[in-house]
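In full-length UniProt numbering, each residue's number is its place in the sequence shown (first place is 1) plus 307.
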Amino acid sequence: MIQLYIPLNFLGVIYREIKQSLADMERLFALLDQNREIADAPDARPLQTQGALVRFNHVDFSYESKRQILFDVDFTIPAGTTTAVVGHSGSGKSTLSRLLYRFYEVDKGAITIDGQDLRAVTQDSLRHAIGIVPQDTVLFNDTIAYNIGYGKPGATQEEIVAAARAASIHEFIESLPDGYASMVGERGLKLSGGEKQRVAIARTLLKNPAILIFDEATSALDSKSEQAIQAQLKDIAKNRTTMVIAHRLSTIADAHQILVMDHGRIVERGTHQALLATGGMYAQMWERQQARGDEELPAEALA
Ligand code: ATP
308 MIQLYIPLNF LGVIYREIKQ SLADMERLFA LLDQNREIAD APDARPLQTQ GALVRFNHVD
368 FSYESKRQIL FDVDFTIPAG TTTAVVGHSG SGKSTLSRLL YRFYEVDKGA ITIDGQDLRA
428 VTQDSLRHAI GIVPQDTVLF NDTIAYNIGY GKPGATQEEI VAAARAASIH EFIESLPDGY
488 ASMVGERGLK LSGGEKQRVA IARTLLKNPA ILIFDEATSA LDSKSEQAIQ AQLKDIAKNR
548 TTMVIAHRLS TIADAHQILV MDHGRIVERG THQALLATGG MYAQMWERQQ ARGDEELPAE
608 ALA
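Below you can see the structure in the form of structure tokens.
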């Protein structure tokens with residue numbers, strides 16, 4: 308029995324390894340595919356930002372021809388301000404960020420940054436101008452220094468350390484046996500959700516983008532890490548055009564503007580106070596959240 312068990316167990320390990328590297332390849336192909344769909348226009352110019360005002364101008368969008376996802380979405384994020392997007396799961400929040408990054412093309416309307424249509428600028432310059440702190444940061448199977456330095460090609464070790472310090476992850480990295488040379492990712496050291504987000508924040512600080520997209524994690528971190536990360540993000544977002552895809556209302560009460568999405572449409576917009584005064588969908592979500600006394604629960608889970 309033991310003789311049989313050992314090889315089977317060993318096979319299990321190999322199988323997991325293969326599955327994980329396939330997962331890497333899938334991600335790679337998914338990215339390549341997305342890039343293939345979108346090509347630079349022959350006369351595309353580099354995006355020039357001056358404050359980075361973002362405008363969605365009556366945008367319609369569908370991933371597949373039969374199912375429209377966004378309907379006449381129209382809003383402006385004034386330069387240097389923060390707009391939060393809330394709404395039930397599947398209402399189209401993340402789709403907005405994917406369109407701003409130009410992973411997909413809009414069907415109708417236009418998206419502009421400082422008056423330049425995304426279709427008229429080079430993808431390189433667009434992606435250079437946007438920093439994303441995703442819900443779940445994927446780490447490359449490489450050193451932690453590489454994973455942070457990826458934000459800025461050619462970054463020096465000093466710059467990487469400075470970004471890590473600013474993201475409050477330097478001390479953690481120094482405590483690892485191999486420090487900045489420690490291998491992380493699927494085949495290396497596994498980091499907690501909060502640590503991974505800090506790596507993403509350090510990466511973004513190094514990139515220093517004109518526009519920041521923050522896709523808030525659905526699963527709450529412990530509240531101490533959560534508060535620390537929120538404070539850091541507030542710092543990065545200051546005077547930077549920022550779009551927050553929010554899952555917890557408590558984290559966005561001071562956004563300059565909140566957009567409430569429902570089935571692909573913006574159904575309400577305004578500040579936290581104004582939306583509460585209106586007594587609409589946002590106010591209901593907020594009340595439910597308050598009544599349960601559980602600020603950390605995702606808004607859509609309370610719907
Ligand atoms: P959540 O809060 O759960 O992240 P969301 O509001 O961000 O949801 P989106 O991810 O923008 O929602 O998705 C909006 C709709 O588009 C959903 O119905 C989803 O199933 C659909 N959708 C998302 N990505 C794709 C895709 N690649 N192909 C086809 N449909 C998609």
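C-beta atoms are modelled at their ideal positions from N, C-alpha and C, and glycine is treated no differently.
How far does the beta strand (DSSP E) with residue i in it reach, from first residue to last?
i, result
"H579", "Run containing H579: none in the beta strand (DSSP E); it sits in the alpha helix (DSSP H), 579 to 585."
"D381", "377 to 384"
"R494", "Neither: R494 is in no beta strand (DSSP E) and is coded neither H nor E."
"Q564", "564 to 569"
Just mark residue i as buried or exposed, buried being the case when its beta carbon has 16 or more other beta carbons within 10 Å.
i, result
"N454", "buried"
"T463", "exposed"
"V428", "buried"
"D522", "buried"
"E481", "exposed"
"S404", "buried"
"R494", "exposed"
"G492", "buried"
"A598", "exposed"
"E465", "exposed"
"P516", "buried"
"R352", "exposed"
"A488", "exposed"
"S398", "buried"
"I345", "exposed"
"A330", "Residue placement at A330 is flagged as unreliable, the pLDDT there being 48, under the threshold of 50; the coordinate-derived value follows with that caveat. Result: exposed."
"R409", "buried"
"R374", "exposed"
"V445", "exposed"
"Y348", "The sequence shown places Ala at residue 348, not Tyr. Per the 10 Å Cβ criterion, exposed."
Per DSSP, residue i is paired with what?
i, result
"A417", "N364"
"F521", "V440, V551"
"A391", "V551, I565"
"D424", "T419"
"R352", "V428"
"E371", "R374"
"R576", "L566"
Mind checking which residues open and close the alpha helix (DSSP H) that includes residue i?
i, result
"Q596", "588 to 599"
"S404", "400 to 407"
"T511", "500 to 514"
May I ask whether a heavy atom of the ligand FAD can be found less than 6 Å away from the beta carbon of residue i?
i, result
"D431", "As far as ligands go, the structure on display features the ligand ATP and does not contain the ligand FAD."
Fill in: Beta carbon nearer than 5 Å to a non-hydrogen atom of the ligand ATP
Y370, I376, S396, G397, S398, G399, K400, S401, T402
Discussion item. Quick check for students: name the residue ranges of the beta strand (DSSP E) that lie wholly in the segment 443 to 482, counting only runs of 3 or more.
Written reply: none
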